[in-house]
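Reviewing the structure listed below.
2 protein chains.
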Amino acid sequence: MLRLLSLLQTHRYWSGSELAGRLEVSERTLRRDVDRLRELGYPVDANRGVAGGYQLRSGTAMPPLLLDDEEAVAIAVGLRTAAGGAVDGIEETSVRALAKVVQVMPPRLRRRVDALRTHTVPAFTAGGPTVDATDLTVIAQACRDDERLRFGYTARDDERTRRLVEPYRLVSMERRWYLVAWDVERDDWRTFRVDRMSAPKATGARFRKRGIPGDDAAGFVRDRIAAIPTRHRVVLDVRSPAARVAEIVGHWGTVEALGEETCRLSMSVETFEWVVLAIAALRAGFEVVQPPELRGYLRETGERLLRDSA
Amino acid sequence: MLRLLSLLQTHRYWSGSELAGRLEVSERTLRRDVDRLRELGYPVDANRGVAGGYQLRSGTAMPPLLLDDEEAVAIAVGLRTAAGGAVDGIEETSVRALAKVVQVMPPRLRRRVDALRTHTVPAFTAGGPTVDATDLTVIAQACRDDERLRFGYTARDDERTRRLVEPYRLVSMERRWYLVAWDVERDDWRTFRVDRMSAPKATGARFRKRGIPGDDAAGFVRDRIAAIPTRHRVVLDVRSPAARVAEIVGHWGTVEALGEETCRLSMSVETFEWVVLAIAALRAGFEVVQPPELRGYLRETGERLLRDSA
DNA sequence: GCATTCAGGACAGGAACTGACCGCAAGAAA
DNA sequence: TTTCTTGCGGTCAGTTCCTGTCCTGAATGC
């Protein structure tokens, strides 16, 4: 049954006799199995006549995915980058899915995933700390399974401590990961920045989850974070046709034509380096509309470039 | 049976009675089912005594993955970015896995994936053309299923044609996707850059795959590509401690200490904009070691920054 | 020691799976 | 049109194997 699903997933078309042979059953049984699949909600199309066969179409629910080794590795790697913040808005889900995949993944595949990590083309966080996706999954699993977690933590003042907590939830906010947890030794709720944690390990000891005050982990984190890394809203007027600008940096912000040869580029960035990158890529004159402090930054950078490239 | 696997995948610990209740079977049957799973090679651990239960460990093979909607979306999105070239070396596998996932994905989920695409934080291809992952999967599926493919193609000289081909294989090379296919109308093997293709559609007509000359699609592409986009090898001496430089741009190249306060940064980039980004992020003096033409580029960019930020 | 929880053998009833045989229908090619 | 291929589905009998209900053991933690 599962094998049938698996075969249907790998190759789109199969003839009845081929499938029956592969599964070592009679063709009648195969037809019945196909029927069963259909009853279960997996739509299997069939074509009659010469060169007919079966194929699995998309249905209303995800069927069990039967992956080979390589595909599993690819999925894990993809989720890893997504969890790292490459795509907005699905970090949490990615971590959850990653935890699930990693949990059932044979160790040899896990090693391959780890090996590939080193080859990741970095999303270039421009100085921002990166979190290790492996740690992230450990934490996510501990949250899910109500297991206590032990880790080292470097506080903002560089003080290093060992912590034992009852993890509550992972929260992704402003490109950073936070763990909301009950600190067992300090007897209180705390938030931890994941990039400041080291070597998190589930102790294996389970606990009964307690309710968080306000019942809103994300809100809790938001309240706790005094200094949210501000994103800057940047507006530039560029002396280049809107079409060209859109082509080069379009997926980065919005471009709005001001005339034949000029346009306005608006984008939201975390640090000004990205603006420099955009300007470099554009190879066109520009004018800073907003914010004023960007001018000083650009001037300073320009001076450095000019002086040191002599 | 599958439901049991699914439950074991979602939550790490389950007590026997809980599982039995959820599946509406007796506990004896549950134990037998667990046994069966174990015989199938899925290692289910069990803990006795108070607070005991079952958990799914990683085994020697990937079990069928049972995903909920959100997880499926996360996986598709992750694979999408990986296929787009965010991670070196697994583009091909990612596309294969993506094709598989997308094929069985209910339409409503597919729409969610598409919706999320627009929110993708771009890997900032700095002017390089981007391929649409949806097109990529269509092509990959056509390759896999031996279906003819119809699409529009814009050649290097901007000439637009309609093509009907028998797709052979997708090849990812130097951050670009190429399709190797037998052009039915031109009666010859051709390579197509995927980013130059528009609206690829499988016609549904299947064909018998022919062998490619040399039996090596990647080699075929390599031979056909005259101008491979060259990557520049850049070496900079930076007036900042190696540790600091490594922290900021370390995942981007290699850092080697030259003294207490200086170090050498080597990286391989496709375009010089990235060097500007690195210099901006470093906020430190530097000296270009290599290549010489980088100096001119930096000077020009510096001048523009200085002039236009006034 | 006791409660809890998993492990697993024996047994009987029954559901469901299987293969064999059949005629039929739909599509493609001659 | 005819013919061939391939999928569709009904019936039937045999048998596998799944299930629930006993039961006793054994490990774990209080």
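If you're matching them up, the sequences are chains W and C in order.
For the first sequence, the positions run -1 to 308 when our numbering is used.
For the second sequence, the positions run -1 to 308 when our numbering is used.
Built from N, CA and C at the ideal position, the CB exists for glycine as well.
Keep in mind the model is a prediction, meaning the values are calculated, not measured.
{"query": "Who are the near neighbours of residue 244/C in its chain, counting only those whose CB is closer than 6 Å to its CB and skipping five residues on each side?", "result": "253"}
{"query": "Of the residues 137/C, 166/C, 193/C, 273/C, which one's Cα is nearest the Cα of residue 213/C?", "result": "166/C"}
{"query": "Could you check the C-alpha separation between residue 183/C and residue 164/C for me, to the nearest Å?", "result": "10 Å"}
{"query": "Cβ of residue 135/W less than 8 Å from any chain C Cβ?", "result": "no"}
{"query": "Rounded to whole angstroms, what is the Cα-Cα separation between residue 170/C and residue 133/C?", "result": "14 Å"}
{"query": "So what's residue 98/W in DSSP terms, helix, strand or just coil?", "result": "helix"}
{"query": "Comparing C-alpha positions only, which one of 67/C, 232/C, 43/C sits nearest to residue 106/C?", "result": "67/C"}
{"query": "Along the chain, where does the beta strand (DSSP E) containing residue 254/W start, and where does it finish?", "result": "251 to 255"}
{"query": "Could you work out which residue in 287/C, 301/C, 47/C is closest to residue 230/C when comparing CA atoms only?", "result": "287/C"}
{"query": "Do residue 240/C and residue 369/C come within 8 Å of each other at the CB atom, strictly closer than that value?", "result": "No answer is possible for residue 369/C: the residues shown for chain C start at -1 and end at 308."}
{"query": "With a threshold of 6 Å on Cβ separation, who are the neighbours of residue 285/C within its own chain once the five nearest residues in sequence on each side are excluded?", "result": "235"}
{"query": "Which residues, taken in chain order from the segment 6 to 32 of chain C, show a beta carbon closer than 8 Å to some beta carbon of chain W?", "result": "7, 8, 9, 10, 11"}
{"query": "From what residue to what residue does the beta strand (DSSP E) around residue 201/W run?", "result": "195 to 204"}
{"query": "Could you name the residues that DSSP lists as bridge partners for residue 230/C?", "result": "267/C"}
{"query": "Given a cut-off of 8 Å on the beta-carbon distance, is the pair residue 307/W and residue 280/W in contact?", "result": "no"}
{"query": "State yes or no: is the beta carbon of residue 95/C nearer than 8 Å to at least one beta carbon in chain W?", "result": "yes"}
{"query": "Helix, strand or coil, according to DSSP, for residue 214/C in the structure here?", "result": "coil"}
{"query": "For residue 52/C, I'd like the list of residues in its chain whose CB is within less than 6 Å of its CB, leaving aside the five on either flank, ordered along the chain.", "result": "12, 42, 44"}
{"query": "Assuming residue 138/W and residue 162/W are in contact, meaning their beta carbons sit under 8 Å apart, how far apart are those beta carbons, in whole angstroms?", "result": "Not confirmed; about 18 Å, so no contact."}
{"query": "Please look up how many angstroms separate the CB atoms of residue 65/C and residue 60/W, rounded, as I've assumed it's under 8 Å.", "result": "5 Å"}
{"query": "What is the rounded straight-line gap between the Cα of residue 152/W and the Cα of residue 232/C?", "result": "35 Å"}
{"query": "So which of 90/W, 149/W, 199/W, 219/W has the shortest CA-CA distance to residue 210/W?", "result": "219/W"}
{"query": "Do residue 21/W and residue 6/W have their C-beta atoms within less than 8 Å of each other?", "result": "no"}
{"query": "Within its chain, find whatever has a CB closer than 6 Å to the CB of residue 119/W; leave out the 5 residues flanking it on each side and keep chain order.", "result": "With a pLDDT of 43 at residue 119/W, under the threshold of 50, the modelled position of this residue cannot be trusted; read the value that follows with caution. Cβ within range, chain order: n/a, list empty."}
{"query": "What's the C-alpha gap between residue 130/C and residue 90/C?", "result": "15 Å"}
{"query": "Please name the residues in the segment 190 to 219 of chain C whose beta-carbon is closer than 8 Å to at least one beta-carbon of chain W, in chain order.", "result": "204"}
{"query": "Could you give the distance in angstroms between the alpha-carbon of residue 199/W and the alpha-carbon of residue 190/W?", "result": "15 Å"}
{"query": "Check this for me: beta carbons of residue 267/C and residue 273/C, under 8 Å apart or not?", "result": "yes"}
{"query": "Where do the N-terminal and C-terminal ends of the beta strand (DSSP E) with residue 146/C fall, by residue?", "result": "145 to 152"}
{"query": "Compute the distance between the beta-carbons of residue 207/C and residue 69/W, then report whether it is under 8 Å.", "result": "no"}
{"query": "Any idea if residue 76/W is buried or exposed, counting beta-carbon neighbours within 10 angstroms, 16 or more meaning buried?", "result": "buried"}
{"query": "Where does residue 48/C land, buried or exposed, given buried means 16+ other C-beta within 10 angstroms?", "result": "exposed"}
{"query": "Is residue 80/C near residue 92/C, with beta carbons less than 8 Å apart?", "result": "yes"}
{"query": "Could you check whether the Cβ of residue 47/C sits closer than 8 Å to any Cβ belonging to chain W?", "result": "no"}
{"query": "Under DSSP, the beta strand (DSSP E) around residue 285/W begins and ends at which residues?", "result": "284 to 288"}
{"query": "What are the boundary residues of the alpha helix (DSSP H) that includes residue 295/C?", "result": "291 to 306"}
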